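Here's the structure, in structure tokens; my notes come after.
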Amino acid sequence: MSNYAILFFMNILQIYPTSRALRTVSFKHKEQDGLLPTLMRMDEFEQRSLLIKNKIQVNSMQRILWLQEAAKFDSFSAMNLNRDLIKFFTKSESIFKFFEELSAENVSFNTLRDADAYVEFDEHINIMEQLLHNYEKILTENGFTDKAFIPKLYELNESFLRTYEKIEIHLEGYLSNFELELLDKISSITNLTISYVTSKFNKKMQDRFLKYGIELPNNSYVKFDFSNKTILEEEINNYSIDAKVFSVEERVEQIAFAFTQIEEMVKSGIKAENIVLILPDESFKDQITLFDKQNNLNFAMGYDYSNGRIYKSLKAIYERWKTYNKESKFLLERYGIDVEAVDKVSTSQNIDVKSFFKLLEEFKLLDICFKDSVKKNSNEKDIKCNVRVEEKYLYFIKIFEEHTLTMKEWMFLWLKALDSITIDDVRGGLITVMGVLETRGVSFEGVVIVDFNEGVVPATSSKDQFLNSSVRTFASLPTQNDREALQKQYYKRLLEQASQVSIIYSTSDNKLPSKFLYELGLDKSKSTQAQINLLYENGKELLKDEDFKVENFVASDITWSASRLKTYLECKRKYYYKYIKKIEAKTDDELNEGLFLHSLLEHLYKDKSSYASKGEIDKKINTLLSELLPATDAKTNYRKLLWKEKLKDFTLSQVEHFSRGWKVVEREKEFSSTIGGLKFKGRIDRIDQNDTDTLIIDYKSGSISDANKSKNLENLSDFQMSIYYHMLKNKYQNIELAFMKILEKGELEVITALEEKNELLAEHIIQLKQTSSFMASKCDNLQKCKYCEYTLMCERGEYI
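The sequence shown lines up with residues 1 to 800 when you count with UniProt numbering.
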């Protein structure tokens, strides 16, 4: 009987370390016959296995305020920790980490006292013990508890655990003494097995399992029964690491060389989605993103909200309140913030949280959508919405509704709350970029690692503020060496499961390669020079920034297009540069995704108006890719593979579309017409017809949220579909207009609120005919500048 057949008779829970590992396992299970097991992350499993009766776990913000209150005793001053909220906040993280670690490893304060004979150390330990006692008392009085107290408060959630006849844990990494104790208790309730890979880098974990009567063989794949304390399976790990090691001079050169290595891996036959780029220092993603011009990468860690304009504007205001110098004034002016208004704010007066957010709203720096006052705001287009910011906002209001703090303290806390927000990478790149921690439980065929330098791999944590290495060793707490060994195990597992590996490090500023290379047996490296021209292009000379007034403007003398009208409505400065001064954007020799997609689809329906099967349309696309991309170099071959992957779901939806009687009757069709007295022209991507209806289709490879929105239409600038409707309403009957989302399974999204948009278009046309001159001023919405080709000319963009 197969393992999957057994699942029909057993209710099994499988535990993995990361969400990515869960997705990978889930996909593999779906390819097999049988009932799927329940899948869960390790941290979620631990949370659901515990019950804390009559207590609520304190949130990350409130705990800091209560810890600050707990620190109000005389002897705490001996710790030289400032109790001022802002300064205390920065130190609180290390205090909580200290408490949580002692609790998780079941180490008492008495044990720490025995580890060091110095009187000063004993005094500090007494203070920390008093602080913890005071903190626990405050939590109890308010009906809360903290992570540090869970080991002594919890009960097992037996009803949850008994739901499963068997629990299988696929362990990667480290378990604290508390976690081992928890698993041991769980194993007496239901059968619990653990799969683990041993090596010289996780000897400490092997020793911990030995205390429970389980001796694990080293350098092996092991599966053992934690309930019966017996080994079920073991296999020697014979994998070897076959890696190429390269050195470059400058750090940025690693990016170009990494791209080259990825290309070679794709050329060798590895699918793009089976390649990973590992960033030991995840902040390096900001530089790599700048050079990912074709959006080939998918950043698993997302993008930091703190890199956005609103966060930076808030930070600039906070810095101004800290020091009223020229630099802070300049920064405010750069972000278009009224310096005088900022300076008028009283930063020492205590206010409540709602008053704080009201001020942010006045500065138009509250990145949420549901405020009542938004509807009254004449500049509503300036307010952008972010769901995660909204969640933080609601959370913040609830936590601090009874607190009063100074404006500067509120701003500090709000910035800290926003610090943790990341924005998902939704660009669709197939090559994954991640930190090593996220690789737990997954494998890749191709692995490229940058920054493989000493001090970076493995990462060295900051110095422990309370315990030195000797105390940690005495108390059996994890040491710096233990943490480094854990990271080494993650890297080893990742590398030994890959078929191709490229490791890169830089030698700038006398940097050395990581000594870990020698432990892996990779003691030979090749010095190379990256093709740095892959990253940089020649810039254009900036024009002098002036306010341009456009005179003798006659809208009726112009032949308008949807894109021209959109530019005029969004940014008069861009309109001036593009259509009056006729300043062309730099020619991009690289393949433009949107233009190529249109060309490909035009050829696809050149000789056939419909396709009857997916095989037929896939074959035609493969032929067209070879014709339109005739080169055979690695980059072109990679593009072909990417397009095949991106269009696989689109072709299936097209076959279904044609099966409903639709046929392509026009493609890339040019029309012209007069609308409200102005001349318009347009090129319509595609027109389909069946026996009774006509479908006007506009291809989209990106987001259509702005183009097809049905609310806040007064800010609409994209009238493409309204223009198409006016052009075609007298030529075809029963017209319906829709966007076709090519890279989202070819889904059709019908245009919404067309009548309202037609009315708005008519209003804009009237205003255009009445306009004889206008100021070519820059747009107010800096988000529009992000991908504008004239960003540098306007001295706009994230680079400032």
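Ideal Cβ positions, reconstructed from N, Cα and C, are used throughout, including at glycine.
Nothing here was measured: the structure is a model prediction, and the numbers come from that model.
Counted within 10 angstroms of its Cβ, other Cβ atoms place residue i as buried (16 or more) or exposed
| i | result |
| --- | --- |
| G308 | buried |
| E759 | exposed |
| R796 | buried |
| R162 | exposed |
| Y799 | Note on Y799: pLDDT 44, under 50, position unreliable in the model; the coordinate value appears next. So Y799 counts as exposed. |
| V426 | exposed |
| K731 | exposed |
| D343 | exposed |
| I383 | Its pLDDT being 45, under 50, I383 is placed unreliably by the model, and nothing is read from it. |
| M205 | buried |
| D706 | exposed |
Distance between residue j and residue i (C-alpha atoms, nearest Å)
| i | j | result |
| --- | --- | --- |
| A762 | E263 | 50 Å |
| M40 | S188 | 20 Å |
| R23 | L297 | 19 Å |
| L792 | D607 | 44 Å |
| N781 | D698 | 26 Å |
| I421 | T692 | 50 Å |
| D84 | I751 | 55 Å |
| M61 | L418 | 12 Å |
| S672 | Y725 | 12 Å |
| N377 | E361 | Low confidence applies to N377: its pLDDT is 44, below 50, so where it sits in the model is not reliable, and the reading given next is rough at best. Whole-angstrom Cα-Cα distance: 10 Å. |
| S683 | M740 | The question names Ser, but residue 683 is Arg in the sequence shown. Their Cα atoms are separated by approximately 15 Å. |
| K326 | V339 | 11 Å |
| D116 | S476 | 14 Å |
| I150 | I52 | 8 Å |
| S306 | L81 | 27 Å |
| D523 | N453 | 13 Å |
| F96 | E250 | 38 Å |
| D286 | N110 | 46 Å |
| L494 | R20 | 14 Å |
| K572 | I310 | 23 Å |
| E747 | I687 | 16 Å |
| K216 | F201 | It is worth fixing the name first, because residue 216 is Leu in this sequence and not Lys. If I take the Cα positions, the gap works out to 14 Å. |
| T18 | T38 | 15 Å |
| I766 | E714 | 15 Å |
| V138 | F284 | Contrary to the premise, residue 138 reads as Ile rather than Val in this sequence. So the alpha carbons of these two residues sit roughly 41 Å apart. |
| A753 | I735 | 15 Å |
Beta-carbon proximity check, residue i vs residue j, cutoff 8 Å
| i | j | result |
| --- | --- | --- |
| F553 | S703 | no |
| A272 | L600 | no |
| A258 | I503 | no |
| L279 | V433 | yes |
| L430 | E645 | yes |
| I351 | T404 | yes |
| T198 | N219 | yes |
| L678 | K549 | no |
| V664 | S613 | no |
| G435 | I270 | no |
| L50 | Y212 | no |
| K185 | L210 | no |
| G428 | N295 | yes |
| Q57 | T145 | yes |
| F400 | V345 | no |
| F291 | I255 | yes |
| T674 | Q733 | no |
| E105 | K147 | no |
| S722 | K669 | no |
| L625 | L604 | no |
Any non-hydrogen atom of the ligand MG within 7 Å of residue i CB
| i | result |
| --- | --- |
| D184 | The ligand MG is not among the ligands present in this structure, which contains no ligands whatsoever. |
Point to revise | Cβ pair count under 8 Å reaching 3, the stretch 156-175 against the stretch 14-21 | key: yes
**Study point:** Three or more C-beta pairs below 8 Å linking the stretch 625-636 and the stretch 649-666
**Key:** Counting C-beta pairs closer than 8 Å gives fewer than three between the stretch 625-636 and the stretch 649-666, which falls short of the contact rule.
**Study point:** Secondary structure, beta strand (DSSP E): runs of 3+ residues fully inside the stretch 74-110
**Key:** none
Exercise for review: Assess, as a yes-or-no matter, whether the stretch 561-581 is touched by the stretch 716-724 under the definition of 3 or more beta carbon pairs within less than 8 Å.
Suggested key: yes
**Study point:** Cβ pair count under 8 Å reaching 3, the stretch 474-491 against the stretch 171-178
**Key:** yes
**Study point:** Cβ contact (3+ pairs, closer than 8 Å) linking the stretch 394-414 and the stretch 226-233
**Key:** no
Review point. Does the stretch 327-339 come within contact of the stretch 449-469, defined as at least 3 CB pairs closer than 8 Å?
Key: The stretch 327-339 makes no contact with the stretch 449-469, as fewer than three CB pairs between them are under 8 Å.
Check your understanding: Can you give, in chain order, each stretch of the alpha helix (DSSP H) that sits fully within the stretch 303-367 and has at least 4 residues?
Key -> The stretch 303-367 contains, as complete alpha helix (DSSP H) runs of 4+ residues, the segments 309-322, 326-334, 339-344, 353-362 (chain order).
Review point. Counting only runs that start and end within the stretch 265-297, where is the beta strand (DSSP E) found for 3 or more residues in a row?
Key: 275-278
**Study point:** Sequence ranges, beta strand (DSSP E) only - wholly within the stretch 431-511, length at least 3
**Key:** Assignment of beta strand (DSSP E) within the stretch 431-511, counting only whole runs of 3 or more residues, yields 431-434, 446-449, 500-506 in chain order.
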